[in-house]
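Residue numbers for the sequence shown follow UniProt numbering, beginning at 1 and rising by one.
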Amino acid sequence: MFRRHRRLRKNSVIRDMVRETSLNKNDFIYPLFVIDGNDIKQEIPSLDNNYQYSVDRLQEIVDEMKDAGVKSVILFGLPEHKDEVGSQAYAEDGIVQRAIRKLKDLYPELFVITDVCMCEYTSHGHCGIIHDHEVDNDETLEYIAKIALSHAEAGADMVAPSDMMDGRVGAIRHILDENGYKDVSIMAYSAKYCSAFYGPFREAANSAPKFGNRKSYQMDPGNIREAMLEIEDDIAEGADIIMVKPALPYLDVIRWARDKFDFPIAAYNVSGEFAMVKAAAKAGLIDEKAVAEEMLTSIKRAGAGIIITYYALDICRWIREENK
Ligand code: PBG
């Protein structure tokens, strides 16, 4: 006697019925790059079919998101001027602050999340304030909190600190509450690894460090128990959603987090993961749509209910086609 597993694979109706993990339009957050200047829609060479938009051209991507059914974005800004302390990151009329107001104006139901970090705004490209060639944790916290507050003031629904300073979630929660933004939520990049998979993003966001690397603040790829400690602390400090990043090379981290914490888990399917699929598809080596769907399904199956991906528009359109 043996069990006939194939009975439940007989046709698509029964396969659809017994499927344990399915992708849904509500699962996805689209990373959106906004750039200072006018009349700009510039393709990002490292991220096929993704663009940097100036605030006055946001209508185009808003229309596409509405059409595809994308309901949420995470914003990254490319400022005109950088300085030592990344002052454009918390300027009231900074690029992200203006983009938030414009997006809320064009598409009020859009859920606007902001990446809270300094690397796109500092002249040295590091995610914090530099003293003696080191990123100073505690001084950086004041800046990170100020940035988050300026995003909330501009109308952000959620802030997502990606700097990996210790204590940042608590510092952000504190300043938001003090200023009456108790309903602005925090999605913490809790287990953010020091990854070579961020390469294409750093080109897209012009945020590569000018000296050294990010190993003294982002996590070592060999560690998983430490990731649980990072998550534990972020939850204790007030995070509403925890994140693992990158996604594909860290599916085990997502699974451990899912089993250990009863919190919503997000995963960032980062630029390098996206670029590899695109490059292989362009070389005629794989079927792009099938591989992208399989990749995103694996991230969800590992335990992430929320996925940040450059495929958000495509996948929402594909889901719509399949449901026709
Ligand atoms: C900012 C930030 C980075 C990414 C998201 N936020 C880059 C980095 O840490 O160097 C990477 C996203 C991606 O690769 O898609 N700190």
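By construction, the Cβ of each residue, glycine as well, lies at the ideal position given by its N, Cα and C atoms.
Computed from a prediction, not measured in an experiment: that's the story for all the values here.
Can you tell me the Cβ-Cβ gap for residue i and residue j, rounded? I've got them flagged as a contact below 8 Å.
i, j, result
"residue 315", "residue 296", "6 Å"
"residue 261", "residue 241", "That belief does not hold up - the Cβ atoms of residue 261 and residue 241 are roughly 11 Å apart, past 8 Å."
"residue 312", "residue 30", "4 Å"
"residue 171", "residue 141", "4 Å"
"residue 36", "residue 78", "7 Å"
"residue 218", "residue 193", "6 Å"
"residue 129", "residue 148", "Not quite, the Cβ-Cβ distance comes to about 16 Å (not below 8 Å), so this is no contact."
"residue 120", "residue 205", "5 Å"
Pick helix, strand or coil for residue i, following the three-state DSSP scheme.
i, result
"residue 259", "helix"
"residue 87", "helix"
"residue 245", "strand"
"residue 112", "strand"
"residue 122", "strand"
"residue 43", "strand"
"residue 25", "helix"
"residue 81", "coil"
"residue 129", "coil"
"residue 134", "strand"
"residue 278", "helix"
"residue 141", "helix"
"residue 285", "coil"
"residue 264", "coil"
"residue 97", "helix"
"residue 182", "coil"
"residue 200", "helix"
"residue 224", "coil"
"residue 150", "helix"
Taking the alpha-carbon of residue i as reference, which of the options has the nearest alpha-carbon?
i, options, result
"residue 308", "58, 77, 71, 126", "71"
"residue 305", "19, 158, 24", "24"
"residue 100", "114, 91, 278, 87", "114"
"residue 203", "42, 27, 18, 320", "42"
"residue 152", "1, 96, 136", "96"
"residue 154", "163, 165, 179, 301", "179"
"residue 191", "302, 67, 254", "254"
Nearest-angstrom Cα distance between residue i and residue j?
i, j, result
"residue 107", "residue 60", "12 Å"
"residue 82", "residue 123", "5 Å"
"residue 90", "residue 139", "15 Å"
"residue 103", "residue 38", "16 Å"
"residue 73", "residue 105", "15 Å"
"residue 215", "residue 244", "17 Å"
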